[in-house]
Amino acid sequence: MSNMVIKQAQTLFGEIKNLVEQSRNQFAQTVNAAMSMLYWEIGKRIKQEFLQNSRADYGEQIVHSLAVKLTDEYGHSFEFARNRLLTQKINDDE
């Protein structure tokens, strides 16, 4: 191949690589936003339906039980959710 063709191929590769990286970044941002909303909605449901006027230890038991079941069903990301929910509950109690 001539130097010109090689240079064009390298330029095209660089442009395509940038497109892939931009799409990956947009995808990651979209997923992160969706997961944040999911965790927020889960916390809201738990708080509205189970934690109103309940003792702190009872609330922690509910959150732990749900997190274990969700982790079994959907994987380790719900361990993170459990920690966030417990942190939010503690912050709400203070």
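Quick note on numbering: the sequence shown equals residues 2 to 95 in the numbering used here. Note that the Cβ used here is the ideal one computed from N, Cα and C, for glycine as well.
Span separating the alpha-carbon of residue i from that of residue j
{"i": "M2", "j": "A35", "result": "47 Å"}
{"i": "E61", "j": "F14", "result": "52 Å"}
{"i": "A10", "j": "Q23", "result": "20 Å"}
Simplified DSSP state of residue i, which is helix, strand or coil
{"i": "M2", "result": "coil"}
{"i": "H77", "result": "coil"}
{"i": "H65", "result": "helix"}
CB contact check: residue i to chain D, cutoff 8 Å
{"i": "S66", "result": "Of the protein chains in this structure there is only one, and it is not chain D."}
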